[in-house]
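Contents: one structure, followed by commentary.
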Amino acid sequence: MTKALEIKNGVKTISSGRHIMDNLNFSVSPRDFVTILGGNGAGKSTLFNAISGQLTLTSGSVLLNEEDVTTKSEEYRAKYIARVFQDPKLGTAPRMTVAENLLLAELRGKKRGLKKRQLNQQKEFFFEQCQKIGNGLENHLDTPTGNLSGGQRQALSLLMATIQKPDLLLLDEHTAALDPKTSKQLMALTEKTIEENELTCLMITHRMEDALNFGNRLIVLDSGQIKKDFNKEEKSQLDLPDLLTFFNL
């Protein structure tokens, strides 16, 4: 079966000589929803940055849909990868309206010539997409994104990341800055979006309940290596005390 993502013998060494990714081997099948746990310094951000092209590996390779993209730029990989960050301020342009942000997202991976942006023609489609979220975002199409609540802005970021179906969706602790109620709503929206669009997704989380309740696979990172890798059946047997023990590796 074609792999959506594969990292082979991934190593990233920093100036001190320490490996922040230590001979990591990792593959993801299409439509996998993988949750990722690990303490501070475990290598979670390094993993995502290596996948997205924000960070270049010292050695090893990164493949997307079996294409070697190890030397490809972050901009090149953006045609295939969408990422939602922890900070609601990232991933959206604050002075642009909701509709303008969505229009920009819809052009991801497409050629952009000098032509009229045709924003008004798209507003009905954007209204319908925002309405599915269920938090009133559809009533703010002409509102600057910087005026939205944190929850609305993260929901918009998720919509922007998936309005053009990505080959790989990276969720980088995307609920961490939200209150528990808003986080729960966004996770419900996340699961629905992934299922309806049949997306392949990696999600870093510090919320252990989310690591247990979402996804068909769970990996635990420590010192730049994968220490545990649970499939759906194995994951279903875990509970919160089990997860806590992994942080004493």
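Residue numbers (numbering that gives the first Met the number 0): 0 to 248.
Don't be surprised by glycine CBs; every beta carbon is placed ideally from N, CA and C.
Predicted model only: the values in this text are computed from it and were never measured.
Open item on the list: Closest to T55 by C-alpha separation, out of R82, N64, I19, would be which residue?
Closed with: As a first step, residue 55 is located in the sequence shown; it is residue number 56 there, counting from the start. Comparing Cα positions, the closest option is I19.
Task: Outcome for D221 when other beta-carbon atoms lying within 10 angstroms are tallied against a minimum of 16 - done: Here residue 221 corresponds to residue number 222 of the sequence shown, with the count starting at 1. Around the CB of D221, 16 or more other CB atoms lie within 10 Å, so the residue is classed as buried.
TODO: Check N215 in the structure and name its three-state DSSP category.
DONE: As a first step, residue 215 is located in the sequence shown; it is residue number 216 there, counting from the start. Coil.
TODO: Mind reading off the beta-carbon distance from Q96 to P165? Whole number of angstroms is fine, and I expect it under 8 Å.
DONE: Taking the first residue of the sequence shown as 1, we reach residue 96 at position 97. Taking the first residue of the sequence shown as 1, we reach residue 165 at position 166. According to the sequence displayed, residue 96 carries Thr and not Gln. The beta-carbon separation of T96 and P165, rounded to 23 Å, does not stay under the 8 Å limit for a contact.
TODO: Pull up the CB-CB distance for L155 and L169, whole angstroms please, since I reckon it's below 8 Å.
DONE: Reading the sequence shown from its first residue, position 156 is the one you call residue 155. Reading the sequence shown from its first residue, position 170 is the one you call residue 169. Contact doesn't hold; Cβ gap of about 17 Å is too wide.
Task: Continuous beta strand (DSSP E) stretch holding E5: start and end - done: Mapped onto the sequence shown, residue 5 falls at position 6. Judged by DSSP secondary structure, E5 falls within the beta strand (DSSP E) whose first and last residues are 4-12.
Open item on the list: By the three-class DSSP mapping on this structure, what secondary structure does D21 have?
Closed with: Residue numbering aside, residue 21 sits at position 22 when the sequence shown is read from its first letter. Strand.
- [ ] Please work out which residues of its chain come closer than 8 Å, Cβ to Cβ, to L243, disregarding the five sequence neighbours upstream and downstream, and give them in chain order.
- [x] Taking the sequence shown and counting its residues from 1, one reaches residue 243 at position 244. For L243, where only same-chain residues beyond five positions count, the Cβ hits under 8 Å are M207.
TODO: May I ask which residues mark the beginning and end of the beta strand (DSSP E) holding Q153?
DONE: In the sequence shown, counting from the first residue as 1, residue 153 sits at position 154. Segment 149-161 is the alpha helix (DSSP H) holding Q153; no beta strand (DSSP E) there.
TODO: Within its chain, find whatever has a CB closer than 7 Å to the CB of N24; leave out the 5 residues flanking it on each side and keep chain order.
DONE: As a first step, residue 24 is located in the sequence shown; it is residue number 25 there, counting from the start. I6, K7, N8, listed in sequence order.
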